[in-house]
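**Q**
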Ligand SMILES: Cc1ncc(C[n+]2csc(CCOP(=O)(O)OP(=O)(O)O)c2C)c(N)n1
Ligand SMILES: Cc1ncc(C[n+]2csc(CCOP(=O)(O)OP(=O)(O)O)c2C)c(N)n1
Ligand SMILES: [Mg+2]
Ligand SMILES: [Mg+2]
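Residue numbers (the working numbering), protein chains in the order written: chain Z, 22 to 412; chain E, 22 to 412; chain C, 2 to 330; chain P, 2 to 330.
1. Which chain A residues sit within Cβ distance under 8 Å of residue 274(C)?
2. Hey, could you find the ends of the beta strand (DSSP E) residue 263(Z) is sitting in?
3. Can you pull every residue whose C-beta falls closer than 6 Å to some heavy atom of ligand 4, listed in chain order?
4. Reducing DSSP to helix, strand and coil, say where residue 240(Z) ends up.
5. Residues of chain Z with CB under 7 Å from residue 33(P), in chain order?
6. Is it right to say residue 60(E) is buried, meaning 16 or more other beta carbons lie within 10 angstroms of its own, or is it exposed?
7. If you measure beta-carbon to beta-carbon, which residues of the region 177-200 of chain E are closer than 7 Å to chain C?
8. Any beta-carbon of chain E closer than 8 Å to the one on residue 305(C)?
9. Is residue 91(Z) near residue 272(Z), with beta carbons less than 8 Å apart?
10. Would you say residue 306(Z) touches ligand 1, meaning its beta carbon is less than 7 Å from a heavy atom?
11. Mind checking residue 11(P): buried by the 16 CB within 10 Å criterion, or exposed?
12. Please go through the same chain and pick out, in chain order, the residues whose beta-carbon is closer than 7 Å to the beta-carbon of residue 334(C), but skip the five residues on each side of it.
13. Are any of the Cβ atoms in chain C nearer than 8 Å to that of residue 42(E)?
14. Should residue 13(C) go down as buried or exposed, given a rule of 16 or more other Cβ atoms within 10 Å for buried?
15. Using the Cα positions of residue 107(C) and residue 181(Z), report the straight-line distance between them to the nearest angstrom.
16. What is the DSSP secondary structure of residue 154(C), reduced to helix, strand or coil?
17. Enumerated in chain order, which unbroken segments of the beta strand (DSSP E) with a length of 3 residues or greater are wholly contained in the region 143-188 of chain C?
18. Of all the CB atoms in chain Z, is at least one closer than 8 Å to the CB of residue 28(E)?
19. Can you tell me whether DSSP reads residue 294(C) as helix, strand or coil?
20. What is the DSSP secondary structure of residue 126(C), counted as helix, strand or coil?
21. Would you tell me roughly how many angstroms separate the C-alpha atoms of residue 163(Z) and residue 152(Z), rounded to the nearest one?
22. Would the beta-carbon of residue 178(E) be found less than 7 Å away from any heavy atom of ligand 2?
23. Taking just the CA atoms, how far does residue 184(Z) sit from residue 32(Z)?
24. Closest by CA to residue 206(Z), which one among 212(Z), 213(Z) and 196(Z)?
25. Go ahead and label residue 199(P) buried or exposed: buried means 16 or more other beta carbons lie within 10 angstroms of its beta carbon, across all protein chains shown.
26. Would the beta-carbon of residue 136(E) be found less than 7 Å away from any heavy atom of ligand 2?
27. Exposed or buried, residue 45(Z), counting other C-beta atoms within 10 Å across all chains shown (16 or more means buried)?
28. Could you name the residues of chain E that residue 253(Z) contacts, counting a contact when the two beta carbons are closer than 8 Å?
29. Excluding the five sequence neighbours on either side, which residues of its own chain have a C-beta within less than 6 Å of the C-beta of residue 68(C), listed in chain order?
30. Any Cβ of chain C within less than 8 Å of the Cβ of residue 161(E)?
31. Quick check: does the Cβ of residue 182(E) come within less than 7 Å of any heavy atom belonging to ligand 2?
32. By Cβ distance below 6 Å, which residues in the same chain neighbour residue 93(C) in space, the five residues on each side in sequence not counted?
33. Compare the C-beta of residue 283(C) with all C-beta atoms of chain P and state if any pair is closer than 8 Å.
34. Contact between the region 268-281 of chain C and the region 280-294 of chain P is defined here as three or more beta-carbon pairs at a separation below 8 Å; is this criterion met?
35. Interface residues of chain Z around residue 71(C) at Cβ under 8 Å?
36. Given that residue 49(C) touches chain E, what residues does it touch there, using C-beta distances under 9 Å?
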């Protein structure tokens, strides 16, 4: 179940103190909340689209809450990995706004295709954050039904999911499920590194040719493991879309409001039959690529510090404080909830049972296979041969 | 050995009767010779580049000669296939200007990566047209040394050669062989259909990131076998380049002069270190996809007729006649030469020996393989076992 | 029951037509499958009758074909993908082995990918490079995929329908050199249950040695058996039909009787299906074997130029030579 | 001769360093091979010392890595491509099997593609999906490719140099779970001739049965042999090293003595290397075999979640169980 659906592009309910038309310092970057927590009332994208959001105080606070929660749960997962409870973790640290903004922009009927890092999107879809932890713990490889959650399984092979998303979106067209507010749309997540993969570019071709109702959401976190952006492109990534004949826009991925506005707009366009578009969420991976990675080998501290100043949560908090939308009690209460949920998560991770060894033979084929059945039987027999022995 | 290297963008030596600045009817299309045979003195491409060519009469005639020759040799190959002497033939009919124009724009030191249809480029490189016929006859699979001819073997898997071309061009950079007039450049040929392949788009990424000295030369002949262009793209193909951060231009691929000018300019840019660019040669496949194809199943006669009016040879001839650059004797002599060369080609094709069966075991590995050696020996033994028998 | 005489290609066409009629979720997609009906005309007329939402001409990108078909399958469709030639399936290899084969497992059974990947395979048609490959070992070695092939029009007609009706992802290999061979097809018999796909069948009973083949080589083996019979040797020919998982019960039964077996395929020998069949027969029938299981296959070289392909491909003589060797062991 | 104690990973690094020193045409390319030194640090320090024209961080696209390496090879370079993990080689599959494997043949020997494709392979490191695959059968079945793997630091050091020096295109599989195992390495012995790549070797002599393995399973088989020796059974262990073409002379010799053979690998059983080895042993040693050649392998299922991988992977017990079965046949 997706979170509430506050409107985009509607009249403002709260007069924001600083109202500026047009882009920020970077003319290519759609931003509605500066790093200092200043609201920009509206901003015009490169194709002339005007982006604005107008939320109730309640809604603003709930954005903040989500940001804090996904960061805290993520930190807990990192800690669990350090303690040997997970085999690996791919942290979203720094990318909370891109994920919460885009994730909350999805409507209930929309379908998401994540990579391995979209824990924040998953959370915003209303999915229990325990769901993907089996994969990282090594007790399963996903194991959920994409259609039940309208959220595909995590995909590890870079870029593969963008074609799945495109095919799914073609199916929406074939089902005649576009053209109204109830129309369906798809969002495909991928990274800056993924833009080099053949599959991702093929998905651009297909989406364009079939006018697929979908949004390509690229979190440009500046790195593909150790490789900086310039190993993948020499121009801003959002401009790739123009080469395939659909719109592209770069949004401040550390600005949850702009991420929301741009994604909501693009999804709504798609569901109304206007085809695909590409969003480049310009952000930064504050932590390691995964818990196996050592970023000190390839990037300098000052770069990380510079991005620290653009932190997505700090700016939202500054905004809430300045605007007196939230007080210390609120912030304390959110922290409290985050702590509670992360403790709860930890408890449940520790309880995750190891799979029954012979279960590895299950679900190889919907209709089974005599070869697998035979191997399962032999395996059980083999295990039984140790029973009572010292093994 | 490449054909002569007449200059591009130098001062005109012959005053052409009709001199017009700017594009033709289609503002996206670079054209220097109209279908009616009118010369346009110069034309400005989408990025402001001014294209012009100034050739001597001798040079104009030699372009015509090449066009006629490659068409005639191609027709001969088609005839050979019909008579069972070739297994297959991929005709270039209609694409002579794109191939002769671009092929002659190559300098001696440049390297070309063809598909399976670039017989015209091959001819312009000074290569004996018999060279690729072994492949289509089924007596070999190419069998030439790309480095000897600066012309890679034909590549059948769609798009694969664009990555080879890019890697080769990266090697030029690594060898420090750019930045002067003697700099090297690469041209990669591919079709409109190929633009959908992952490999081709990956080669765009790589060429851009490594600033590879190369030209992507896409012959948009409007079809990929039966599929019309709109199955591959919804915008003009030359615009794909912008999505990857390098220039793209659409040239009238039935205009040999414009094809030459645009290619020469792009190659020279590349050899001077200015990186890759994409040329879309807008043309039409007048014949079947290959001799195995039946185009009546998927396109209508009137479409073919419309393109007939834009024939690349007819317009060149009209120009030569109008400008009195050539007379009937010349045209007769060219036809005579074409006939002679095609007869000669035919004779040699008929003489092409079938390969010795056991030669199929040769050249699997530079260093050989005991397994292959063993199979070769067994095969010979097996064949010998029939000797004297009725087999 | 109505029996028609159809070529193998037309039988496939008729089978797909039935599948399109019976299940609105079935879609056919690939390069040139629409107006052209595919380069072999196997989908001839289907777009005309079912429209371009059911029979989809795709962009020229095999990974795209399979990858988008995965997405369609997630949405509940049953995509039937045509790969134009065997040699052009490799750009889609990643999507096939890492996605199609694994999504059911990855989802612990919650997701099904009921996809059929049709590939004309094998040589013998005088084609240029990449048009005569036998990639069956690659797919059969991949857990999560099933692999099937047919050797005559009747099987083509039934098996393609079974494959489409099955929830398993199936690589369906079509023996392209046999597309034009005719045979009787019972066109309105009820479709046997989708699973199991047709098991191995005895194509010709015999007593002296067992020939094991599939797809294009079944005909070759039948011809060899006919020739051997003239010399008084009765060869049993078994058509495997399903290549993964292999159904070898009948093979074991046969080899226990004959004591001799020869496996025949076009693909290279090294780590081909023949190796697996030989290894399993040896395990199961160790004390019945009069000679080792022999293999008659393509050589371990790239598929050669077409003017020598007849020497490359197993033929009647090479099969009989191997049979002789099993007797001389 | 200088002997150093190195891990297998460091031995590979040292071997590549030598190759970079000895031949200016050698270039290393792949994802993260530069500053990071690769996710396993196998190229650690090489970019620092040889520059980013020799050790190239590439865009994230495996087909691009192999495809551009083909172009570099045409221009005379000797590219050493790193694929980050076994499960990520498949996007490059087409370039590998249709281009790398075939260009020498296609050119009738006029063009060489002296490329090494390094792939860390196999399981046992507790990784997530796609990081524990054993794709050797796919490549070994492909004519035109050679396939090699190493089981100890000494072989790693020598064989990677041989592979780079060889004009053949070589898929070089690195047993990732053994990267951290240490052993002596003679670091300045002259490089044995580039071809043949190291032939199979007897890793431990024995008399009662023959264990045949390669890469990560050699250690497992050596451990099994040690355990068996305690029970008075002497197992011979043969490390194949080169997987394509297979060098089985020593294996035949051994099996003729022992009469019993077990092939061990991590890859699934069905149409794996074990099938080929079993089929060939049976052909060559038919009358010496006391029991069929048995196989101990990964199961015919997708590589499972890491918490059960120990049950999936062949281990000492499963190997010994198979040996017992050869005795009980
Ligand atoms: C096909 C493939 N190649 C390589 C990898 C190994 N790998 C995992 S994540 C990654 C970098 C991805 O970078 P990006 O797309 O920017 O996403 P990010 O991790 O930064 O979110 C790589 C190379 C992979 N998973 N799949
Ligand atoms: C990877 C791959 N898929 C399919 C084919 C079969 N095929 C051969 S030519 C062709 C169409 C190519 O169209 P285009 O790129 O426009 O080039 P054209 O033939 O029109 O010159 C196709 C699909 C192939 N050769 N390679
Ligand atoms: Mg990234
Ligand atoms: Mg075309």
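Yeah, the Cβ is synthetic: ideal placement off N, Cα and C, and Gly gets one too. Since the model is a prediction, treat every value here as computed from it, not as a measurement.
**A** Taking the definition as stated:
1. In the structure shown, chain A cannot be found, because the protein chains are Z, E, C and P.
2. It is not in any beta strand (DSSP E) - residue 263(Z) instead sits in the alpha helix (DSSP H) that spans 261-265.
3. 212(E), 213(E), 214(E), 242(E), 244(E) and 245(E)
4. strand
5. 246, 247 and 248
6. buried
7. 177, 178 and 179
8. yes
9. Result no, Cβ atoms of residue 91(Z) and residue 272(Z) do not sit closer than 8 Å.
10. yes
11. buried
12. This structure cannot settle anything about residue 334(C), because the visible part of chain C is limited to 2 through 330.
13. Any reading at residue 42(E) is ruled out, since the residue's pLDDT is 42, under 50, leaving its predicted position unreliable.
14. It counts as buried.
15. 14 Å
16. helix
17. 147-150, 171-176 and 183-187
18. Because residue 28(E) sits at a pLDDT of 44, beneath the cut-off of 50, its placement in the model cannot be relied upon, and the following sentence gives the value as read from the coordinates. False, the Cβ-Cβ gap to chain Z never drops below 8 Å.
19. coil
20. Assignment of residue 126(C) by DSSP, reduced to helix, strand and coil, places it in the coil class.
21. Distance from the CA of residue 163(Z) to the CA of residue 152(Z), rounded to the nearest whole angstrom, comes to 8 Å.
22. yes
23. Confidence is the limiting factor: at residue 32(Z) the pLDDT is only 35, short of 50, which leaves the residue's position unreliable, though a coordinate-based value still follows. Distance between the alpha carbons of residue 32(Z) and residue 184(Z) is about 37 Å.
24. 196(Z)
25. So residue 199(P) counts as buried.
26. The answer is yes for residue 136(E).
27. Reliability fails at residue 45(Z), whose pLDDT of 48 lies under 50, so the model's placement of it is uncertain and the value that follows must be treated cautiously. Per the 10 Å Cβ criterion, buried.
28. 226 and 230
29. 96
30. It does; some Cβ of chain C falls within 8 Å.
31. no
32. 63, 64 and 67
33. yes
34. yes
35. 184, 185 and 188
36. Within chain E, no residue comes near residue 49(C); the closest Cβ sits about 11 Å away, beyond 9 Å.
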